[in-house]
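To start, the structure under review is shown below, and the notes come after it.
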Amino acid sequence: MTFTEQDYFNFQRKVEHYQEVLKNAERYREYWNKALKSDLLNVLQKAVELAKLACTVEERSEIQNLGAVVLSLGVSRSGLGEPVGNGLHRELIKQNGSLVYQQLFNGKVLVLINLPYIEKYGEPLPPKTLAIYRPEELKEPYIIRHLESFMSEVTTWEDYDDDRPDENQRIGFKLNFEQEEK
């Protein structure tokens, strides 16, 4: 088996790229800690104060280099209750949703929305991923767009009805009756 210099050159380029990616992860983590985390906290806090949105904005850092900044609408009574006997009902709690900026293992930042859900009333939907950014790419205009997307998503969840079904959610037999007559 004979390898050419070109084969070794290709392998060397892949090793150099790998080393560059590892250095980037360290650089991204450093940027998160030095600037981005506090920038996120400040921009989110400023935006919710201007909009008078009742929520919390907090940093989570249980695991080193996997920190997060979370805007949470908190928990509330759902208005639903399950019977527990003797005419008593246990209140079901509603998680009102959150917007999360989560540091990934490689230092990049995942932006996602956790939609509201009511305990014991179906399963929570999986988080909706908005984007993944290199930390230096995440600027205030993006954050404002994320806030707008978040509010749209939770409002749609809260205002759910079947008057305007999604095209993919229509029941098949109705399709035959809804077609235009020719």
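What the sequence shown shows, in my numbering, is residues 38 to 219, in sequence order.
All C-beta atoms, glycine included, are put in the ideal place defined by N, C-alpha and C.
Since this is a predicted model, take the numbers as computed values, not measurements.
7 Å Cβ shell around residue i - same chain, five flanking residues per side excluded
i, result
"glutamine 140", "Trp69, Asn102, Leu103, Gly104, Ala105, Val146"
"serine 98", "Gly104"
"arginine 127", "Gly118, Glu119, Val121"
"lysine 83", "none"
"tyrosine 138", "Leu77, Ala105, Val106, Val146, Val148"
"tyrosine 197", "none"
"phenylalanine 46", "none"
For residue i, three-class secondary structure by DSSP
i, result
"isoleucine 130", "strand"
"alanine 168", "strand"
"isoleucine 208", "The predicted position of isoleucine 208 is uncertain, since its pLDDT is 47 and thus under 50; a value taken from the coordinates is nonetheless stated next. Looking at isoleucine 208 - three-state DSSP - the assignment turns out to be coil, as it is neither helix nor strand."
Test item: CB-CB of residue i and residue j under 9 Å
i, j, result
"isoleucine 150", "lysine 131", "no"
"asparagine 61", "glycine 144", "yes"
"glycine 111", "threonine 93", "yes"
"leucine 167", "valine 191", "no"
"tyrosine 158", "leucine 125", "no"
"leucine 108", "leucine 184", "yes"
"lysine 74", "glutamate 96", "yes"
"leucine 152", "lysine 165", "yes"
"isoleucine 180", "valine 80", "yes"
"alanine 72", "proline 178", "no"
Sequence-distant residues of the same chain with beta carbon closer than 6 Å to residue i, five excluded per side
i, result
"phenylalanine 187", "Leu136, Ile150"
"leucine 162", "Leu152"
"valine 85", "Cys92"
Contact test: residue i Cβ vs the ligand NAD heavy atom, cutoff 8 Å
i, result
"tryptophan 194", "Only the bare structure without any ligand can be found here, which leaves the ligand NAD out of the picture."
CB contact check: residue i to chain C, cutoff 9 Å
i, result
"histidine 54", "Absent here is chain C; the protein component of the structure consists of one chain."
Close-in-space but distant-in-sequence residues of the same chain around residue i (CB under 8 Å, 5 per side omitted)
i, result
"serine 113", "Ile130, Lys131, Asn133"
> Where in the region 138-195 do unbroken runs of the alpha helix (DSSP H), each at least 4 residues long, occur, reported from the N-terminal end onward?
Replying inline: You should have 177-195.
> Can you list the alpha helix (DSSP H) stretches of 4 or more residues lying completely in the region 56-132, in chain order?
Replying inline: 74-88
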